[in-house]
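Numbering (the working numbering), first residue to last: 69 to 225.
For every residue, glycine included, the Cβ atom is placed at its ideal position computed from N, Cα and C.
Worksheet: one structure, shown below.
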């Protein structure tokens with residue numbers, strides 16, 4: 069089944085870090101970012117287009133790698149929207165899998181506007197054997213204090 073490329077479908081694929089039709093995730097991202105109309109996307113891409121998109125992809129990967137000198141920095145980069153979703157979302161998925169594996173009893177209390185699980189600070193502190201104050205201080209040290217009081221959360225239970 070051939071998938072038609074529309075602006076809406078392209079935008080959705082980019083948000084989900086996926087490819088669409090004959091486009092790989094990085095190609096879809098770059099074409100969307102450049103504002104190329106869906107009707108102007110050739111199938112197949114010309115060799116020049118493929119080379120240009122591959123070059124931009126390499127630059128994105130290099131920039132992402134520079135942002136990730138440590139595991140902590142990689143986690144921060146995975147949630148930094150300056151990086152393309154196709155690079156960030158696989159790491160976010162692995163982090164969520166790790167949370168479910170290491171803390172099977174820890175359940176999100178809600179979801180944010182992007183559908184990511186949001187946890188109560190008290191539940192995290194309990195699971196980690198730390199105090200809420202310690203976690204709050206750690207969040208501030210890493211510039212994450214705004215995520216502690218995010219009002220854009222839909223409660224689950």
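For my contact list, residue 100 and residue 78 are in at a C-beta cut-off of 8 Å; report their separation, rounded to the angstrom.
The residue labelled residue 100 in the question sits at position 32 within the chain shown. The residue labelled residue 78 in the question sits at position 10 within the chain shown. Indeed, because the Cβ distance is near 5 Å, the residues count as touching under 8 Å.
Residue 125: which of 152, 144 and 166 sits nearest, CA to CA?
Locating residue 125 in the chain shown gives position 57, counting from the first residue. With distances taken between Cα atoms, residue 125 lies closest to 152.
Is the distance from the Cβ of residue 93 to the Cβ of residue 103 below 8 Å?
As a working note, residue 93 is residue 25 in the chain shown. As a working note, residue 103 is residue 35 in the chain shown. Contact flag unset, no.
Only counting the same chain, and skipping five residues up and downstream in sequence, which positions put a Cβ closer than 8 Å to that of residue 210?
The count along the chain shown starts at 1 and reaches residue 210 at position 142. Counting only Cβ-Cβ distances below 8 Å, and skipping sequence neighbours, we find 140 and 144.
By how many angstroms is the C-alpha of residue 165 removed from the C-alpha of residue 176?
Start at 1 with the first residue of the chain shown, and residue 176 comes out as number 108. Start at 1 with the first residue of the chain shown, and residue 165 comes out as number 97. Their Cα atoms are separated by approximately 13 Å.
For residue 186, which residues in the same chain have their Cβ closer than 8 Å to its Cβ, ignoring the five residues on either side in sequence?
Counting from one through the chain shown, the residue named residue 186 turns up at place 118. Cβ neighbours of residue 186 beyond the five flanking positions: 176, 177, 178, 179, 180, 218 and 221.
Reducing DSSP to helix, strand and coil, say where residue 104 ends up.
Locating residue 104 in the chain shown gives position 36, where the first residue counts as 1. Note: residue 104 maps to coil in three-state DSSP.
Can you tell me whether DSSP reads residue 176 as helix, strand or coil?
Here residue 176 refers to the residue found at position 108 when the chain shown is read from its first residue. DSSP places residue 176 in coil when its eight states are reduced to three.
Let's see if you can read the secondary structure: which residues bound the alpha helix (DSSP H) around residue 129?
To locate residue 129, count along the chain shown from 1; it is residue 61. Residue 129 -> alpha helix (DSSP H) spans 115-134.
Going by the CB atoms, is the gap between residue 203 and residue 195 shorter than 8 Å?
Here residue 195 refers to the residue found at position 127 when the chain shown is read from its first residue. Here residue 203 refers to the residue found at position 135 when the chain shown is read from its first residue. Going by C-beta atoms, residue 195 is not nearer than 8 Å to residue 203.
Give the list of continuous alpha helix (DSSP H) stretches no shorter than 4 residues that lie fully inside the region 141-167.
none
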